[in-house]
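Written out below as structure tokens is the structure these notes cover.
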Amino acid sequence: MRDGVSERGTGLTGFRRYTWWAVPGTAVLCLLPLYGGWLLDGDVPRWTRAPAVAALVVSAVASAVLLSARLTPPAPDGSGPVRPPRGWVFAAVAATAVLAVLPLLRQNYGLWGLAPAVTVAIGATYLTGRRRLLLVAGAVALAAVPGGAVSLAAGDGEFAYAALFPAGLVAFTVWMLLGPLWAWDVAGRLDRARRLEAEVAVKDERLRFAADLHDIQGHHLQVIALKSELAARLAERDPARAAAEMRDVRQLSADALRDTRAVVHGYRTTTLDDEIANATRVLAAADIDARMTLDPAAVTAGRAAPARHLLGLVVREATTNVLRHSSARSAEVDYRLAGGAARLRFSNDGAGAAGPAAAPAHAGAGGSGLPGLAERLRAAGGELTWGRDGDRFEVVASLPGPAEGAAR
10 MRDGVSERGT GLTGFRRYTW WAVPGTAVLC LLPLYGGWLL DGDVPRWTRA
60 PAVAALVVSA VASAVLLSAR LTPPAPDGSG PVRPPRGWVF AAVAATAVLA
110 VLPLLRQNYG LWGLAPAVTV AIGATYLTGR RRLLLVAGAV ALAAVPGGAV
160 SLAAGDGEFA YAALFPAGLV AFTVWMLLGP LWAWDVAGRL DRARRLEAEV
210 AVKDERLRFA ADLHDIQGHH LQVIALKSEL AARLAERDPA RAAAEMRDVR
260 QLSADALRDT RAVVHGYRTT TLDDEIANAT RVLAAADIDA RMTLDPAAVT
310 AGRAAPARHL LGLVVREATT NVLRHSSARS AEVDYRLAGG AARLRFSNDG
360 AGAAGPAAAP AHAGAGGSGL PGLAERLRAA GGELTWGRDG DRFEVVASLP
410 GPAEGAAR
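This note's numbering numbers the first residue of the sequence shown as 10 and each following residue consecutively.
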């Protein structure tokens with residue numbers, strides 16, 4: 010069994026080895042010496058030794074097998090309880106009956122309850138909650154009956170010892186076995202939590218990568234399509250401008266390839282100033298009147314790179330949505346400090362003619378578009394909202410703390 014820990018003696022594998030010696034090993038080591046010593050006593054009739062030895066071997070093996078099965082590593086999803094092997098359960102019960110009756114016939118009140126106590130403890134390890142409590146309580150109560158009855162029938166004056174010692178032995182054995190197994194169950198849950206945390210981290214990274222790739226490819230391809238269409242219309246009446254547009258297309262293709270490679274290598278960043286400048290250029294190329302209003306205080310204030318990256322992604326996504334989902338003739342970007350927070354507002358007209366532009370669904374799902382950016386801003390302590398008022402569509406992003414200027 011491997012748990013992903015290479016260092017010998019550590020991790021779930023090492024803890025299982027320790028628990029095995031603490032639980033099955035202890036149970037077997039209690040059965041063999043105590044019953045073995047009794048069988049070697051000269052007062053024990055010879056006719057009892059053969060069945061007792063056979064029962065002792067079966068009980069020891071069955072105890073080891075059942076407790077080892079209980080220590081089976083938990084499933085990765087933690088589903089389904091561990092079930093004992095039925096054949097070994099029947100063997101353990103039969104051997105326990107023999108090991109209980111034979112000493113009890115010899116009025117050995119201290120030994121007869123050991124095998125039943127171990128069997129009850131093994132059964133309790135496979136139960137949980139109320140069923141475990143009922144089994145243990147019932148076994149402790151019933152353990153006082155056989156010894157007490159034999160003592161009263163024999164009139165040996167050991168009724169208290171015969172009744173109370175087996176009951177205490179059952180309670181002690183259950184406690185001795187359940188303690189290490191409780192620690193094993195806790196370790197199993199922690200191991201599952203560790204594995205789940207690793208899986209979630211991998212999924213989050215995949216979503217982040219997919220969102221970045223969506224932002225890059227969607228934006229660049231939209232601008233490339235726009236400029237290609239413009240170049241096609243200008244090809245006959247203004248070849249020089251058409252050639253200039255195609256040179257821009259070639260440059261945009263190279264930029265998209267470079268940015269995609271940067272995302273793969275994990276070091277690409279997007280800044281607000283770059284995206285505002287790019288939005289101005291792209292919207293102008295699409296014959297959209299773009300107005301930029303920048304608060305001087307916001308321009309000169311400083312801000313951490315992650316915040317610049319997020320606000321830059323908001324500008325990029327809003328620009329792409331204007332080109333893809335609206336018939337806008339004008340757009341406005343307003344960036345300022347308000348109440349100690351950086352506030353970015355991007356609005357455009359022409360949303361009424363292209364209904365999807367006003368709905369959150371147009372902005373993508375599954376970690377991309379405006380919904381995905383809203384989650385990322387909330388994680389950074391900010392907020393992203395969007396909505397339509399008449400034919401105008403507005404996106405508003407805010408982040409707490411000082412802001413970095415767009416022209417930085």
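Backbone N, C-alpha and C define an ideal beta-carbon position, used for all residues, glycine too.
- Apart from sequence neighbours up to five positions away, the residues of its chain that approach I285 with a beta-carbon distance below 7 Å are M301, V324, V342 and A415, ordered along the chain.
- Going by beta carbons, L65 and V32 fall outside the 8 Å limit.
- The Cβ neighbour count for D50, taken over all protein chains shown within 10 Å, is under 16; the residue is labelled exposed.
- In the structure shown, V195 falls within a helical segment according to DSSP collapsed to helix, strand and coil.
- A direct Cα-to-Cα measurement between A295 and A263 gives close to 20 Å.
- Across the structure, L266 and L230 are spaced so that their CA atoms are roughly 11 Å apart.
- E341: member of the beta strand (DSSP E) spanning S339 to A347, first to last residue.
- Looking at the DSSP output, V405 bridges to R354 and T394.
- The beta-carbon distance between A153 and R141, rounded to whole angstroms, is 20 Å. This is too long to meet the 8 Å contact definition.
- By the Cβ neighbour-count rule, T137 is exposed, with fewer than 16 other Cβ atoms within 10 Å of its own.
- A direct Cα-Cα distance of roughly 22 Å separates A73 from P112.
- At a Cβ-Cβ threshold of 8 Å, A126 and L80 do not count as neighbours.
- Nearest to G227 by C-alpha distance, out of N330, G157, A350 and L243, is N330.
- Per DSSP, the continuous beta strand (DSSP E) segment holding T302 begins and ends at D298 to L303.
- Taken in chain order, the segment 55-136 contains no complete beta strand (DSSP E) segment of 3 residues or longer.
- A straight line joining the alpha-carbon of R25 with that of R95 spans about 23 Å.
- Judged by beta-carbon spacing, A63 lies beyond the 8 Å limit of L108, meaning their Cβ atoms are not closer than that value.
- A Cβ-Cβ distance of about 16 Å is found for the pair E403 and S336, leaving them out of contact under the 8 Å criterion.
- Counted as a single uninterrupted DSSP element, the stretch harbouring L49 is not any alpha helix (DSSP H), since DSSP gives it neither H nor E.
- Nearest to L120 by alpha-carbon distance, out of A158, W47, A59 and G166, is W47.
- In terms of Cβ geometry, T28 and P175 do not form a close pair [threshold 8 Å].
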